[in-house]
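In this note's numbering, the protein residues as written are 619 to 852.
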């Protein structure tokens, strides 16, 4: 039983529900402050992950290639369309504004696409140890609470893709474990860190025009680019 995954996703839901209850009691000034603090926290987390890099060139190439794939698939546009549809049903609004979409994109990255979460799900699948995700649940609960105070009911709903991503990694871990090295995990974490940093910049209003969700294919490509760089260049 994936105890770590269930714990992390469950705490995300609980944090989101609590944030929904608190959101109506917060003034616009408080919400702006919390949004900026989340942006700073995301940037700090991204920098910490980037510092783990083993082959920086491989990580950058994976990010660039992933951005091209994401741009070709219009991932950002597709996710935003889905977010608008969900917000329309939950909030009775037909269109989310640019700021809300940036916040939703950042929340999706932090909950579903972080290096710690992916590694934690893989590790639990391989060893049965869910302690990494149990620890991550503390951060996710607080983050979900703040995001939900800003955005409302859509944040608890993000636990569904979070659960889906983690379960795929959990059950796929046995297939990929013979091929994954510590160097590949380090470069993967670095790519995840860059994406998290970009998400934080969008949240803080520093750089809103980067389609952060289009960068996500780079997470998968990071494993291949890292292995190729180690084999043929390093």
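Glycine is no exception: its CB is placed at the ideal position from the N, C-alpha and C atoms.
Residue burial classification, residue i (beta-carbon count within 10 angstroms, cutoff 16)
| i | result |
| --- | --- |
| residue 695 | exposed |
| residue 788 | buried |
| residue 740 | buried |
| residue 827 | exposed |
| residue 834 | buried |
| residue 642 | exposed |
| residue 600 | With the chain covering 619 to 852 only, the question about residue 600 has no answer from this structure. |
| residue 631 | buried |
| residue 851 | exposed |
| residue 722 | buried |
Rounded straight-line distance, which links the Cα of residue j to that of residue i
| i | j | result |
| --- | --- | --- |
| residue 803 | residue 838 | 11 Å |
| residue 603 | residue 628 | Outside the modelled stretch of the chain, which goes from 619 to 852, sits residue 603, for which no answer is possible. |
| residue 760 | residue 626 | 12 Å |
| residue 747 | residue 793 | 18 Å |
| residue 682 | residue 663 | 21 Å |
| residue 676 | residue 665 | 17 Å |
| residue 672 | residue 660 | 21 Å |
| residue 619 | residue 784 | 13 Å |
| residue 848 | residue 808 | 15 Å |
| residue 731 | residue 777 | 12 Å |
| residue 670 | residue 818 | 19 Å |
| residue 655 | residue 637 | 16 Å |
CB of residue i within 9 Å of CB of residue j, strictly
| i | j | result |
| --- | --- | --- |
| residue 806 | residue 749 | no |
| residue 764 | residue 652 | yes |
| residue 720 | residue 820 | yes |
| residue 752 | residue 622 | yes |
Cβ of residue i within 9 Å of any chain C Cβ
| i | result |
| --- | --- |
| residue 632 | Although the question refers to chain C, the structure presented lacks it and comprises just one protein chain. |
Write down every uninterrupted run of the alpha helix (DSSP H) in the segment 717-757 whose length is 4 residues or greater and which is fully enclosed by it, in chain order.
The DSSP assignment places complete alpha helix (DSSP H) segments of no fewer than 4 residues inside the segment 717-757 at 733-745, in order along the chain.
Can at least three beta-carbon pairs, one atom from the segment 760-773 and one from the segment 789-801, be found at a separation below 8 Å?
By the C-beta criterion, the segment 760-773 is judged not to be in contact with the segment 789-801, since fewer than 3 inter-stretch pairs fall below 8 Å.
Check whether the segment 631-645 and the segment 810-825 are in contact - that is, three or more C-beta pairs closer than 8 Å.
Too few Cβ pairs lie closer than 8 Å, so no.
If you scan the segment 642-674 from start to end, which runs of the alpha helix (DSSP H) of 4 or more residues do you find wholly inside it?
The segment 642-674 is shown to contain whole alpha helix (DSSP H) runs of 4 or more residues at 646-668, in chain order.
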